[in-house]
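In the working numbering, the protein residues as written are 20 to 350. Each residue gets a CB set at the ideal place from its N, CA and C atoms; glycine is no exception. Read the structure below first, then the notes.
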């Protein structure tokens, strides 16, 4: 299995440069968060199909209602024609005695931006084992692709005036797409929002002094500061109401390093004190380049009439587009 995983990683590095030249302008199809699985019907309804469904349709964590991680559709190999080949996320299960077993990741084979994950095995028992042993890898690949699509879109349709205000406060900024606007700005708190009749997508950017607390990057410390800052800055619709955290519903900290930052991620549910509004949020905390302040980027949504998975992925993509100004040192 270690040899197979090494093959996966090598293929992921090499194949994009090999296959991306095939596509010039065909835009991928399919809705955000949708995965097309190419497999025979009897096998889709069998154990390997169940393993794939259990992986891709597991509950999306920290949403108010149950929603699957991905929306999954099945098509048989005989029907996998030009209409389906341009889908954004494709998983092909290929079983043949002449195949080299393993998982291969390809980009932009028939459209762009597209990812194709090939699961190759000598028989279906081996294919099922391959899927079961690499569930996390498969989900991580899909999550990365969906996130990068959001980042590309926000950069392409950016409203640059918002980033300028955020950079002035913290020395860097995410990219914000058109439709977002500044709702509130103070010396240490900025509220950016996109608001329609039924959906609110919000971004908070705030700072507080880093006192070298022993528990500075724990969930408890992050949530304690969150509640203090939001109580002062995010009032509800009625007097005495304000945004806070559902203290029974937030995650353990997840420590992440990307190309720009080391940050601590906490997910959870927000609510309004003495009111019935609420929804999911994702928080990213990291130190300022000089180590004096904690910087927090937080995305949240309010969409009581709709599923929330993709709205949350959109604000998460905005957070992940963060860049320091050229003059600032990367962490």
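query: Rounded straight-line distance, which links the Cα of residue 310 to that of residue 128; result: 44 Å
query: Continuous beta strand (DSSP E) stretch holding residue 60: start and end; result: Careful: residue 60 lies outside any beta strand (DSSP E), inside the alpha helix (DSSP H) at 60-63.
query: Whole-number beta carbon distance between residue 141 and residue 118, since they are thought to touch under 8 Å; result: 7 Å
query: Distance CB(residue 194)-CB(residue 169) smaller than 8 Å; result: no
query: Classification of residue 64 by the beta-carbon crowding that lies within 10 angstroms, buried from 16 upward; result: exposed
query: Residue 345 versus residue 77 - alpha carbon distance; result: 40 Å
query: Segment contact, 8 Å Cβ cut-off, at least three pairs: the region 185-192 with the region 213-220; result: no
query: DSSP bridge partner residues for residue 291 (one or two, in chain order); result: 262
query: Classification of residue 300 by the beta-carbon crowding that lies within 10 angstroms, buried from 16 upward; result: buried
query: Nearest neighbour of residue 146, chosen from 69, 228, 80, 108 [CA to CA]; result: 69
query: Residue(s) in a DSSP beta bridge with residue 106; result: 48
query: Terminal residues of the alpha helix (DSSP H) in which residue 251 lies; result: 238-252
query: Three CB pairs or more closer than 8 Å across the region 254-263 and the region 278-286; result: no
query: Pick from 339, 342, 208, 200 that is closest to residue 249, judged by C-alpha positions; result: 208
query: 8 Å CB neighbourhood of residue 86 in its chain, flanking five on each side removed; result: 78, 79, 326, 327, 328
query: Length of the line joining the Cα atoms of residue 49 and residue 106; result: 5 Å
query: Residue 196 - DSSP class collapsed to helix/strand/coil; result: strand
query: Beta-bridge partners of residue 135, as assigned by DSSP; result: 109, 125
query: Contact under 8 Å by Cβ, residue 137 with residue 125; result: yes
query: Endpoints, the beta strand (DSSP E) within which residue 276 is located; result: 273-276
query: Rounded C-alpha distance that separates residue 304 from residue 113; result: 42 Å
query: DSSP three-state assignment for residue 204, whether helix, strand or coil; result: strand
query: Three-way DSSP call (helix, strand, coil) for residue 224 in this model; result: strand
query: Residue 297 to residue 322 span [Cα, whole Å]; result: 9 Å
query: Nearest residue (CA-CA) to residue 82, options 320, 336, 333; result: 320
query: Residues that residue 316 bridges to, as DSSP identifies them; result: 224, 303
query: Distance, residue 134 Cα to residue 238 Cα; result: 34 Å
query: Buried or exposed by the 16-neighbour rule on C-beta atoms within 10 Å, applied to residue 102; result: exposed
query: Given residue 176 as reference, the closest of 197, 306, 166 once Cα atoms are compared; result: 197
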